[in-house]
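So this is what it looks like as structure tokens:
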């Protein structure tokens, strides 16, 4: 009777609702919206992120190049809480990921390794934890990598020595362990880049100890 | 009574397609029309009593039904009144659906002979009179579907003879009175669709005759009481849409007559009791919308009478246990939105399966869909939002009855089989977001009933087959995000029912076929992100229903046809990034426009005033065209305007004052025109929501208004390349959210205001090519997020480069060239490790270039008095001394090198040993280890740079005179030599 009518209408709604999103929008905008959905934004800095727009290029804190591809994400110092998600890896053309001085928690998603145009990864002064993903060694354009003042653990992935463009690196004030690589760009980073990691045991001595010694 | 029952069971067996009717109508269809017999009443005053009842109603005399209620006739002849034959005793009063309003008079309680009272489906209000409890002869009481309010009177519990009580669909509130448990004759208890709260009274368990219990759509809470186990004759239990908690009681398994169990939309948890499998009489089982966990009990497969099973939207897990192979009556199986895992079993259905609807969407099912090919009665199949793999089987055409097929959001691969064309009943085909490849089979043209075809976000390719235009029932087509190439089918105009056509992000080329204009039901047309060429066909003027048209990122060209003026329903237009030319006027026929984006075309002429008829416009984007004339003052009528982009056109005149009405503007881009006059102060006073303001490359003159401080939401501000004069207002300090500030290429004078240090979020600051004077304020060092550039070049800045500039650790470009800066380069500059472009040329700087900056090219430093690498050598004594080392000195140094190398090697070995024996105690951060650490680095690594960064970082502040600097520089080079020797 009444109840069965309810059910059938519900079930048929399910089918149609699930099918309804015609006119899908652009992938970078979708990725940013997916990112936004993870965040708590008490200062409303993401208010202008309107997914109904053709692309995210008129959103504040998002910068596009002349071909309407997202190249900067500037959310530093914005009182944001939340996690980083795999969707950020879909911003294929991103050059600057500026998320410093917020309350981002959880792990650095390994999908960030897909940002092959990334020049600057500024995640410093958050509450990120877990390991530094090996996949970041795919960021061949990376020049600046500042992950300091988080709660990162584990060893420094050896794969990062292949980042030949890396000019500035700061892993200080985390909880990293093992030894510090000495090859590639790591030969140029000052000790300050690694200080205040209680379990980090100095530069590696090639062949003498495994790099994650003491982890 | 028998008849009543029959009505109910008929209702339960209603065919599915009829059950879509609304709740109220459904309740009404169950209306009991009782045959009653008439007898004479024994009470002489019955008529007076009924007239009192009548007078409690609103407008009693205007009610047609009650028009014959008067003392002139016998009460037994009155409408709705029934007396037993030859008696004057009223036993039944039936005024159902009589349009009654007003209240039920308590006098009704004096009609003691009454056995049946039916006032259902009226608009009666007020409470249920508790006097009804005096009618101890009452057998049937029907008050449902009114507007009665208040509590259910506990006195109803006195009605020992009552077998039907239906008072639902009212506004009754409060708890169900436990006294109802005294009505031990009750067979039907209907209290649904009220506002009842509290728990289900355990006393209802006393109702041993109960067959039908409907309490749905209330606010009942607490558990289902155990005492209900005693109602062993129950046939229908409807407790859905309440707030019931606890588990589903397993005693339900003992209800051998139960046909319908509806517990949907409560807060029930725990597992589905396996005992339900014992209720062989069960037809309908609804458990959806609870918090049930665990596996679906395999015992449910014993329910051979079961027609509908809906357990969707729970937290059920485990494999798909239900087998239509056993459930031979099952027509409707819904377990969507759970956590079911595993594969769909092989030969899911038996040969004679009656399963018509299968909904397993939103689970975690894996494997292929091949097992379902045995379900030949299927009409609707929804497996969307799972993790299914494999291809769509060729034998899909075994499902000849299929009407709705939803397989979207899975990982299906391969092509759409051409056999799909045999599913001639198909109306919905939704395959989006899979990994489907190849082209659309031409056989799709056989699907004459197909209304909805969603293939978006796959990897399909090939041309869109002309045969698709045979599917004349099509209403929505979405091929977004594939690789379809070739042209849009010429005969697309055959699709007269088409409402949505989405072909965005494909590789379509060629012109838009004129026949598309004959799809005159079309409301949304999206052809963006393709390679379409040619001009817009004239026929588009026929698309009068169109509200959205997006053509951006194609190569469409030519003037717009005048016929577009007929498109009066257009709301969203995006033609950006094409090659359209001529006037934009044909697009202004509608006054419903909200978004108007023609960016980057070759449109010319003036901005048409007709555009401003659309008062709900939120976005106007006309940038990168060749528009001329002024910004029309009518723009001020658009109070909803959020974004106005008229950049890079050829607009002239001043900013219209009316623009100050557009108070919601967040983006105002007027750059790259020939606008002139002052920058009005109202821009900053009234447009306080502005986040981006770009007035660059115009002819604006005068001062920057002090009101600029009001626009505290500004994130990007560019006034670049105008003729602005006067100072940079100190009020700039209030723009604390500013990321980008560009005042380059004006005639601004006065100092760089130190207050700019408050703009802490600046990552780009350009003040170059002005007439700024005075020193570079040391406060700039607070702008620690400066990253893209700090450009102060081409001004008249004087004094020294402040030492604090070295705090700008993220700065990548620094340009201080063409000023009057003097003195030495501050040592702190070596801390700018992010810097990769530096220009200090053409100043009055002197002294030595710090070694850390020596990797920059000569033109970074030229036009000064600077020396050292990369410029010429300094003439300081230490350098000349170094040039003239005596032979003895050289030998001494070599000996020293050898000695030191040996010591270093020994020290290294010692340190290794120490580290090896005591790893955890060696710390990088302790300063006493620094020396040895850095030596190791140089030894392992290649090189010069190593020593440079290492040495220059922390120690630089200690270095005072240039002499010390130099000796220290040579020290590093010695160190380098030493290590080369050692290795």
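Residue numbers (the numbering used here), protein chains in the order written: chain U, 1 to 215; chain Y, 216 to 1198.
Just so it is clear, CB atoms sit at the ideal spot from N, CA and C, and this is done for glycine as well.
Note that the structure is predicted; figures quoted are calculated from it, not measured.
In this structure, the straight-line span from the alpha carbon of residue 672/Y to that of residue 812/Y is close to 25 Å.
Beta bridge pairing from DSSP links residue 764/Y with 740/Y and 788/Y. The C-alpha of residue 552/Y lies about 26 Å from the C-alpha of residue 51/U.
When Cβ pairs closer than 8 Å are counted between the two stretches, the segment 135-147 of chain U is seen not to touch the segment 72-85 of chain U, the count staying below three.
The continuous stretches of alpha helix (DSSP H) do not include residue 949/Y, and DSSP gives it neither H nor E. For residue 976/Y, at least one C-beta of chain U is nearer than 8 Å to its own C-beta. In the same chain as residue 388/Y, and ignoring 5 residues on each side of it, the C-beta atoms closer than 8 Å to its own belong to 364, 365, 366, 409, 410, 411 and 412, in chain order.
Not a single C-beta of chain U is nearer than 8 Å to the C-beta of residue 854/Y. For the 8 Å CB-CB criterion, residue 751/Y and residue 775/Y form a contact. Listed in chain order, the positions of the segment 862-885 of chain Y with a beta carbon within less than 7 Å of a beta carbon of chain U are 881 and 882. Counting the other Cβ atoms within 10 Å of the Cβ of residue 193/U gives 16 or more, which makes it buried. For residue 745/Y against residue 718/Y, the beta-carbon gap comes to about 7 Å, under 8 Å, which counts as contact. Within 8 Å of the CB of residue 1048/Y, the CB atoms of chain U belong to 167 and 168, in sequence order along the chain. Bridge partners of residue 554/Y according to DSSP: 532/Y. Against chain Y, a Cβ distance below 9 Å from residue 89/U picks out nothing, because the smallest value is about 17 Å. Straight-line measurement puts the Cα of residue 420/Y at about 35 Å from the Cα of residue 538/Y.
For residue 1082/Y, the three-state secondary structure derived from DSSP is strand. DSSP places residue 431/Y outside both helix and strand once states are collapsed to three, so it counts as coil. Against chain Y, the CB of residue 44/U has no partner CB under 8 Å away; the residue lies outside that interface.
Residues of the segment 75-109 of chain U with a C-beta less than 7 Å from any C-beta of chain Y: 76 and 77, listed in chain order.
Of the candidates 173/U, 103/U, 86/U and 132/U, the residue whose Cα lies closest to the Cα of residue 111/U is 86/U. The C-beta of residue 472/Y has fewer than 16 other C-beta atoms within 10 Å across all chains shown, which makes the residue exposed. Looking at the DSSP output, residue 72/U shares a beta bridge with 63/U and 96/U.
Under the Cβ distance rule, residue 906/Y counts among the residues neighbouring chain U, one pair being separated by less than 8 Å. Straight through space, the alpha carbons of residue 583/Y and residue 699/Y are spaced by roughly 26 Å. The Cβ atoms of residue 492/Y and residue 515/Y lie closer than 8 Å to each other. As DSSP reads the structure, residue 726/Y sits in a beta bridge with 748/Y.
Check the Cα spacing between residue 573/Y and each of 604/Y, 526/Y and 608/Y: the tightest is with 526/Y. In the three-state DSSP reduction, residue 931/Y falls in the strand class (E or B). Residue 965/Y is bridged by DSSP to 987/Y. DSSP places residue 158/U in the helix class (H, G or I) of the three-state scheme. Inter-segment contact for the segment 783-801 of chain Y and the segment 31-47 of chain U is absent: fewer than three beta-carbon pairs are separated by less than 8 Å.
The alpha carbon of residue 498/Y has as its nearest neighbour, out of 521/Y, 332/Y, 543/Y and 710/Y, the alpha carbon of 521/Y. With respect to residue 156/U, residue 176/U sits close: the two C-beta atoms are nearer than 8 Å. If you look at residue 860/Y, you'll find it in the beta strand (DSSP E) that goes 858-860. Only exposed fits residue 777/Y, as fewer than 16 other CB atoms lie within 10 angstroms of its CB.
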